[in-house]
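Asker:
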Amino acid sequence: MSEQAILIEPDGPGPQPDPARVLHEVFGFEGFRTGQQQVIEGLLAGRHVLAVMPTGSGKSLCFQVPALMLGGLTVVVSPLVALMEDQVAALKLAGVAAETINSSRDRAVNVESWRRVAAGECRLLYLAPERLMTERMLAALSRLPVRLIAVDEAHCISQWGPSFRPEYAALEVLRQRFPGVPIAALTATADVVTREDIVARLFDGRALEVATGFDRPNILLSVTPKLDWKKQLLEAVRRHDGAAGIVYCLSRRKTEETAQFLEAQGIRALTYHAGMDAAARSANQEAFLGEAGIVMVATIAFGMGIDKPDIRFVIHTDIPGSPEAYYQEIGRAGRDGAAAEALLLYGLDDIRMRRLFITQEGGDEDRQRREHKRLDALIGYCEAPECRRRALLSYFGEHIPPCGNCDVCIDPVERKDGSEEAGWVLKAVRDSGQLYGAAHIVDILRGSQSQKVISAGHDSLAAFGAGMAHGKAAWRTIIRQLVSSGFLELDVAGYGGLRLTEKGMGLLNGKGEFRYRPDTLRPASQAEKRAARAAEQEVALDETGQRLLAALKTLRRRLAEARGVPAYVIFSDRSLQDMARRQPRTEDDFAEVHGVGAAKLKELATPFLKVIAAELDGVE
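Here you go:
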């Protein structure tokens with residue numbers, strides 16, 4: 044399919060392009076991933092769609108394929124300039140007419156881009172929400188054949204989410220300004236409450252929801268007590284010697300200190316935080332995206348929109364603020380599907396600092412309460428007595444069997460029978476009306492004479508004073524593990540109250556048992572060994588194939604530098620590995636390589652086939 048064909052409007056009721064054909068001929072992929080086809084078919088049918096799909100699962104294709112099939116113009120709302128630029132560059136390389144208008148470009152460049160959009164020469168237009176929602180832009184777009192609107196990072200629109208952005212709130216009016224135009228909202232990070240809020244705000248409660256699950260099974264999950272954190276960090280980084288990775292730190296000062304430490308150990312490390320000069324931040328980001336084996340040491344200012352597929356590890360030297368933040372940050376690892384590691388170094392001082400941050404950031408009482416409960420949920424993940432992945436995914440409303448790829452599954456912890464303690468907690472929650480948070484439940488169990496307990500009449504409950512044998516900290520740990528094990532659930536959107544689940548009711552009725560880990564901070568030695576083994580595994584190529592792969596990567600880097608784009612925009616590592624395995628000699632052979640569409644076949648086959656021939660003829 045040529046670029047000209049891509050720009051032809053579908054006309055009349057006759058045969059329309061097939062999504063699978065567009066996927067193959069334009070983007071070079073053989074089949075859809077889970078959920079993609081359902082989203083595409085919903086949009087082609089004119090429905091609003093909320094797509095909740097894991098990082099790296101191909102959310103962009105969910106609107107890019109229908110954009111080519113619907114004709115007219117698709118408007119894509121994206122929060123980051125760098126992400127817009129990279130996606131537009133990748134689309135153009137695939138032969139798709141795409142543009143972005145953003146603040147990083149000269150006015151003359153933006154004017155020329157708009158000229159192409161207005162002339163109907165563009166299929167996809169990427170805009171930041173602030174630029175889209177100006178009256179001038181909305182009026183101009185209303186005169187064009189807008190066929191589809193896509194809102195990326197849609198969790199930013201929700202008041203319940205930890206990443207709420209006021210500039211996203213204005214997007215609520217899009218369905219009125221563009222009646223009859225389907226809207227796609229896409230996110231990798233949204234719990235049930237956040238998803239409900241997105242649908243209510245953006246779609247007035249009416250939308251097709253496609254949630255494919257949050258699991259990234261290729262990522263090994265580990266939590267390790269913070270002892271000598273620099274030594275622990277160095278050991279983890281060296282397990283992935285020569286690989287790209289991200290190290291997250293809580294403060295700007297710590298990012299600088301950590302990068303200097305890694306550099307002193309012979310590891311190439313760069314920094315990224317909001318206190319740096321913008322040019323320096325940009326240069327470090329471009330180096331990380333375009334070069335191999337760099338460790339980026341960063342605050343949470345780094346990461347959204349980073350589409351580097353071969354990040355082999357994400358290490359947190361401090362606990363993040365919520366399960367959403369943690370999930371989003373570890374989701375940057377292993378986007379190519381190969382083995383990756385997510386390690387969290389966890390200490391009690393982290394919790395104290397996070398509590399302080401929540402208070403200092405302000406916000407009304409309700410928002411602060413929600414953020415404290417989110418932090419509680421992440422602490423529960425750190426203290427999980429059984430499968431850690433199960434504990435994380437249950438927060439997002441997804442329930443799985445034990446994963447076999449987390450530290451708790453690989454190296455099970457010694458657990459105590461806590462069924463009696465659990466029974467008292469569950470009774471206290473039930474008998475107090477399932478309205479109160481952990482602190483109040485602990486006060487009931489400990490027999491506190493606090494005003495809140497007495498005024499509510501909870502000093503008369505059967506559970507009152509039943510837990511004097513344990514201190515407050517022990518009871519808080521037990522409650523968090525009851526939540527992470529699925530016996531209790533936390534009402535984040537309400538007042539942080541604890542509620543019994545069906546599993547919890549079963550335990551109260553004598554069905555099942557609860558076992559918990561009193562020592563919640565234990566090194567995961569076997570998990571670290573698993574990560575080390577995975578890091579040592581290379582692509583199954585012989586010596587010739589490895590040499591060819593290295594040559595292909597060199598060519599990719601040279602082509603990327605010439606175009607001023609990240610290397611993965613040219614071809615992903617998976618595509619290069621496929622080339623090294625297939626060793627194509629003709630254009631027909633090259634067309635069969637993963638990720639080779641019509642435009643890349645035309646533009647890139649010659650230089651890559653030349654390198655392949657040179658390497659193979661040199662060793663035959």
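First residue of the sequence shown? That's 44 in my numbering, and the numbers climb one at a time after it. Every residue, glycine too, gets a C-beta built ideally from N, C-alpha and C.
If you draw a straight line from the C-alpha of valine 526 to the C-alpha of arginine 259, how long is it?
Answerer: On the sequence shown, residue 526 is found 483 positions in, with the first residue counted as 1. On the sequence shown, residue 259 is found 216 positions in, with the first residue counted as 1. One C-alpha to the other measures close to 22 Å.
Asker: What three-state label does DSSP hand alanine 63 in the structure shown?
Answerer: Position 20 of the sequence shown, counted from the start, is the residue given in the question as residue 63. In this structure, alanine 63 counts as helix in the three-state DSSP scheme.
Asker: On the CB-based measure, 16 or more other CB atoms within 10 Å of its CB, does glutamine 275 come out buried or exposed?
Answerer: In the sequence shown, the residue the question calls residue 275 occupies position 232. Looking at its Cβ environment, which holds 16 or more other Cβ atoms inside 10 Å, glutamine 275 is buried.
Asker: Which one or two residues does DSSP pair with tyrosine 291 in a beta bridge?
Answerer: Mapped onto the sequence shown, residue 291 falls at position 248. According to DSSP, tyrosine 291 bridges with Ala341, His359.
Asker: Going by DSSP, which residues form a beta bridge with alanine 312?
Answerer: The residue given as residue 312 occupies position 269 in the sequence shown. Checking the DSSP bridge columns, you'll see alanine 312 partnered with Val338.
Asker: Leaving out five residues on either side along the sequence, give the residues of the same chain with a beta carbon under 7 Å from the beta carbon of glutamine 81.
Answerer: Taking the sequence shown and counting its residues from 1, one reaches residue 81 at position 38. For glutamine 81, where only same-chain residues beyond five positions count, the Cβ hits under 7 Å are Val253.
Asker: Within 10 angstroms of its Cβ, does leucine 167 collect 16 or more other Cβ (buried), or is it exposed?
Answerer: Taking the sequence shown and counting its residues from 1, the one referred to as residue 167 is at position 124. It is buried - the Cβ of leucine 167 has at least 16 other Cβ atoms within 10 Å.
Asker: Buried or exposed for glycine 374, please, with buried defined as at least 16 other CB atoms from any protein chain shown within 10 angstroms of its CB.
Answerer: Working through the sequence shown from its first residue, we reach residue 374 at position 331. Buried is the call here.
Asker: Are there 16 or more other CB atoms within 10 angstroms of the CB of arginine 601, so buried, or fewer, so exposed?
Answerer: Here residue 601 corresponds to residue number 558 of the sequence shown, with the count starting at 1. Exposed: under 16 other Cβ atoms inside 10 Å.
Asker: How big is the Cα-Cα spacing for arginine 625 and phenylalanine 400?
Answerer: Locating residue 625 in the sequence shown gives position 582, where the first residue counts as 1. Locating residue 400 in the sequence shown gives position 357, where the first residue counts as 1. If you take the alpha carbons of arginine 625 and phenylalanine 400, they lie about 53 Å apart.
Asker: Write down the C-beta distance between alanine 341 and threonine 298 rounded to the nearest angstrom, noting that I regard them as a contact closer than 8 Å.
Answerer: Translated into positions along the sequence shown, residue 341 becomes position 298. Translated into positions along the sequence shown, residue 298 becomes position 255. Sure, about 6 Å apart at Cβ, within 8 Å.
Asker: Going by C-alpha distance, which of Glu429, Ile289, Glu334 is nearest histidine 316?
Answerer: Walking along the sequence shown from the start, residue 316 turns up at place 273. Of the listed residues, the one whose Cα sits closest to histidine 316 is Ile289.
Asker: Leaving aside the five residues before and after valine 582 along the sequence, list all residues of the same chain whose C-beta is less than 6 Å from its C-beta, in chain order.
Answerer: As a first step, residue 582 is located in the sequence shown; it is residue number 539 there, counting from the start. Low local confidence applies: a pLDDT of 44 at valine 582 is under 50, so the model's placement there is unreliable, with the coordinate-based value given in what follows. Only Gln620 meet the Cβ criterion.
Asker: Using a Cβ-Cβ cut-off of 7 Å (strictly less than) and excluding sequence neighbours within five positions of valine 654, which residues of its own chain qualify?
Answerer: For the purposes of this step, residue 654 is taken as the residue at position 611 of the sequence shown. So the qualifying residues of the chain are Ala594, Leu595, Leu598.
Asker: In the DSSP assignment, find the unbroken alpha helix (DSSP H) run with proline 21 in it and report its ends.
Answerer: Here the chain comprises residues numbered 44 to 663, so residue 21 is not present and cannot be evaluated.
Asker: Check valine 131 in the structure and name its three-state DSSP category.
Answerer: Taking the sequence shown and counting its residues from 1, one reaches residue 131 at position 88. In the structure shown, valine 131 sits in a helix (DSSP, three-state: H, G or I).
Asker: In this structure, how does DSSP classify arginine 558 when only helix, strand and coil are distinguished?
Answerer: The sequence position of residue 558 within the sequence shown is 515, counting from 1. Strand at arginine 558.
Asker: In angstroms with no decimal places, state the Cα-to-Cα distance between alanine 482 and glycine 333.
Answerer: Indexing the sequence shown from 1 puts residue 482 at position 439. Indexing the sequence shown from 1 puts residue 333 at position 290. Rounded to whole angstroms, alanine 482 to glycine 333 spans 49 Å at the Cα level.
Asker: Ordered along the chain, which non-local residues of its own chain (more than five positions away) have a Cβ less than 7 Å from that of arginine 623?
Answerer: Walking along the sequence shown from the start, residue 623 turns up at place 580. A small fix is needed here, since residue 623 is alanine in this sequence, not arginine. These residues qualify, in order along the chain: Leu584, Gly588, Leu591, Leu592, Leu595.
Asker: Find out if the Cβ-Cβ distance for the pair valine 451, glutamate 426 is shorter than 8 Å.
Answerer: Taking the first residue of the sequence shown as position 1, residue 451 is located at position 408. Taking the first residue of the sequence shown as position 1, residue 426 is located at position 383. No, the Cβ-Cβ distance between valine 451 and glutamate 426 is not below 8 Å.
Asker: Under the rule that 16 or more other beta-carbon atoms within 10 Å means buried, what is isoleucine 354, buried or exposed?
Answerer: Locating residue 354 in the sequence shown gives position 311, where the first residue counts as 1. Burial call: buried.
Asker: So, for alanine 279: in the same chain, excluding its five sequence neighbours on each side, which residues have a beta-carbon less than 6 Å away from its beta-carbon?
Answerer: For the purposes of this step, residue 279 is taken as the residue at position 236 of the sequence shown. Within the same chain, alanine 279 has close Cβ partners Ile358, Leu386.
Asker: Comparing alpha-carbon positions, which option in Val224, Asn261, Leu214 lies nearest leucine 245?
Answerer: Counted from its first residue, the sequence shown places residue 245 at position 202. Comparing Cα-Cα distances from leucine 245 to each of Val224, Asn261, Leu214, the minimum goes to Leu214.
Asker: Label alanine 567 either buried or exposed according to how many other C-beta atoms from any shown protein chain fall within 10 Å of its C-beta, with 16 as the threshold for buried.
Answerer: One-based indexing of the sequence shown puts residue 567 at position 524. Bear in mind that a pLDDT of 42 at alanine 567, under 50, signals an unreliable position, so the number given afterwards is only what the model happens to contain. The residue is buried, with at least 16 neighbouring Cβ atoms inside 10 Å.
Asker: Judging by CA-CA distance, which residue of Ile422, His637, Glu196, His283 is the nearest neighbour of histidine 67?
Answerer: Along the sequence shown, read from residue 1 onward, the residue named residue 67 stands at position 24. It is His637.
Asker: Quick one: residues in its chain with C-beta nearer than 6 Å to the C-beta of alanine 63, no 5 flanking neighbours on either side, listed in chain order?
Answerer: Residue 63 sits at position 20 when you count from the first residue of the sequence shown. For alanine 63, where only same-chain residues beyond five positions count, there are no Cβ hits under 6 Å.
Asker: Is there contact between the segment 409-423 and the segment 290-310, where contact requires at least three CB pairs shorter than 8 Å?
Answerer: Counting Cβ pairs under 8 Å, fewer than three are found: no touch.
Asker: Tell me where the alpha helix (DSSP H) around glutamate 457 begins and ends.
Answerer: Within the sequence shown, the letter at position 414 stands for residue 457. Unbroken run through glutamate 457: none, as it is neither H nor E.
Asker: Spatial neighbours of glutamate 128 within its chain, please: CB distance less than 7 Å, with the 5 preceding and 5 following residues excluded, ordered by chain position.
Answerer: Here residue 128 refers to the residue found at position 85 of the sequence shown. Excluding sequence neighbours, glutamate 128 sits near Thr143.
Asker: With DSSP collapsed to three states, give me the class of lysine 645.
Answerer: If you number the sequence shown from 1, residue 645 lands on position 602. In the structure shown, lysine 645 sits in a helix (DSSP, three-state: H, G or I).
Asker: Inspect the CB distances between the segment 443-450 and the segment 476-491 and report whether three or more fall short of 8 Å.
Answerer: no
Asker: In whole angstroms, what is the alpha-carbon distance linking glycine 466 and leucine 550?
Answerer: Start at 1 with the first residue of the sequence shown, and residue 466 comes out as number 423. Start at 1 with the first residue of the sequence shown, and residue 550 comes out as number 507. If you take the alpha carbons of glycine 466 and leucine 550, they lie about 7 Å apart.
Asker: Of all the options Gly85, Pro97, Val154, which has the alpha carbon lying nearest to the alpha carbon of glutamine 371?
Answerer: For this step, residue 371 is matched to residue 328 along the sequence shown. Out of Gly85, Pro97, Val154, Pro97 has the C-alpha closest to the C-alpha of glutamine 371.
Asker: Short check: CB of leucine 277 to CB of cysteine 449, under 8 Å?
Answerer: For this step, residue 277 is matched to residue 234 along the sequence shown. For this step, residue 449 is matched to residue 406 along the sequence shown. Result no, Cβ atoms of leucine 277 and cysteine 449 do not sit closer than 8 Å.
Asker: Closer than 6 Å by C-beta to lysine 546: which residues in its own chain qualify, once you throw out the five before and the five after it? Chain order, please.
Answerer: Here residue 546 refers to the residue found at position 503 of the sequence shown. By the criterion of a C-beta distance shorter than 6 Å, lysine 546 is surrounded in its chain by Gly529, Phe530, once the five residues flanking it on both sides are discounted.
Asker: In chain order, what residues of the same chain lie with their CB nearer than 8 Å to the CB of leucine 293, ignoring the 5 residues before and after it?
Answerer: Mapped onto the sequence shown, residue 293 falls at position 250. Around leucine 293: Thr342, Thr360, Asp361, Asp393, Met396.
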